[in-house]
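Written out below as structure tokens is the structure these notes cover.
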Amino acid sequence: ALAAKRGYEPAFRDPPGRRDWSGVAPGAFGFAELDARVERLAGLLTLARPQPAARVAILAPLGPEALISILACLRAGLSPMPLPPHADEAALLGMIERSGAVMALGVGRIGTLRPLLLLRDVAARAFGMRFIGGFGTDVPDGVAALDQLLGHGAAQPAVAATARAAISVVDDGDFSGPFAVQEKDVLAKALEISRVLKPLASSRIITTLVGADLAALATGPGIALLTGVELLPLGLFMLEDLHACLEGGRMVHLVVPAAMEPALARSRLGGHKALSSLVFVRRGNEPPAALAIERPDIAIVDVIAQAPGTVRVLRRKTA
């Protein structure tokens, strides 16, 4: 619906410093381009003839590549399984083997990390892995270069309408799972949060979260797709990038881990005039951070992830 009605309006935007940590130039695209990219990748995934609801591992920070991969899997009737970018090879192998994932998608570089190299090595030891695809320029041998396969001139088979599978999420802390999260649950939590934030179409959501459990999906991409607001995921946190994004001339709904609240207050960005709301995300087993920001002029929301698929939303009372 967004592609049809607001196709040329911005959907995703990269932070200005993205090239420094990924090797990929920052870009932006609208809802029509998002829909086209999702359709092309969904068509490519169907070429491997996976079983309905088969799991697809995704190793990328919560940026455009991860979101396109998640949406493409859902469109193709597959279950996307975003993996924690900080997991090591042994942890990744355990998650992939438990899940029975048959395909994997990832990015070439996240700072000093090389996700595609990890995926390639893990896939060589994981039974049943049929396909590995990589975004970006740092695509190693043995991995399909998705940017070339999904170019504007690349023809992919049309994706037949199919039942949507659940999203498979894992715990960012102990790597347990996967746990099934329904798409409707993501949108329901996104709606609950957006009713507090009341985002305008001209505003943007900046998220510093890199995982993709229910809390991360609902607070960033869920709200963006539900309301049509531009999403700007930082991918790898850099204070300079955050400052530049706040100076972009739009009102901002900022999503950060709760542990960053004291640092945000010390940096004075918590008092920035562009902020329209603040969303602090905390894992249920983490101690509450000190409440360091007092902004009675904006909405402040605490999102508590009690489990990878269970979230509480609390609006903070201000004086």
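Taking the working numbering, the leading residue of the sequence shown gets 1441, the next gets one more, and so forth.
C-beta: ideal position from N, C-alpha, C; glycine also.
Secondary structure of P1450, DSSP reduced to three states: strand
Whether S1608 touches P1520 by CB criterion (8 Å): yes
Closest Cα partner of A1584 within the set R1604, G1546, A1745 and F1567: G1546
For R1533, the nearest candidate out of I1738, R1708 and F1615 (CA to CA): Here the sequence assigns Leu to residue 1533, which means Arg is not the residue at that position. With distances taken between Cα atoms, L1533 lies closest to F1615.
First and last residue of the uninterrupted alpha helix (DSSP H) at I1663: I1663 to T1667
Those residues which DSSP pairs with D1742 across a bridge: F1720 and L1754
Cβ-based burial, E1687 [other Cβ within 10 Å; buried from 16]: exposed
DSSP-derived helix/strand/coil call for M1700: helix
Pick from E1505, V1542 and E1726 that is closest to A1564, judged by C-alpha positions: V1542
Selection from H1693, R1489, P1504 and S1716 that minimises the alpha carbon distance to I1646: H1693
7 Å Cβ shell around D1681 - same chain, five flanking residues per side excluded: P1455, P1456, G1457 and L1674
Range covered by the beta strand (DSSP E) that runs through A1497: R1495 to L1499
Neighbourhood of L1499 by C-beta, 6 Å cutoff - its chain only, sequence neighbours within 5 removed: L1523, G1546, P1555 and L1559
Limits of the alpha helix (DSSP H) - the one that M1535 falls within: E1529 to S1539
Rounded C-alpha distance that separates N1725 from Q1746: 7 Å
CA nearest to the CA of S1716, picked from R1722, R1690, L1704 and E1701: R1690
Cβ-based neighbour list, E1529, same chain, cut-off 8 Å, excluding 5 preceding and 5 following: L1558, D1561 and V1562
Residues near V1669 by beta carbon distance below 7 Å, same chain, minus five either side: P1639, A1641, S1643, R1644, I1645 and I1663
Reference E1632; option with closest CA among R1515, L1754, E1473 and L1507: L1754
Neighbourhood of A1730 by C-beta, 8 Å cutoff - its chain only, sequence neighbours within 5 removed: E1701 and P1702
Closest Cα partner of D1475 within the set F1571, A1658 and E1505: E1505
Short Cβ contact (8 Å threshold) for A1739 with R1722: no
Under 8 Å between C-beta atoms of P1748 and D1611: yes
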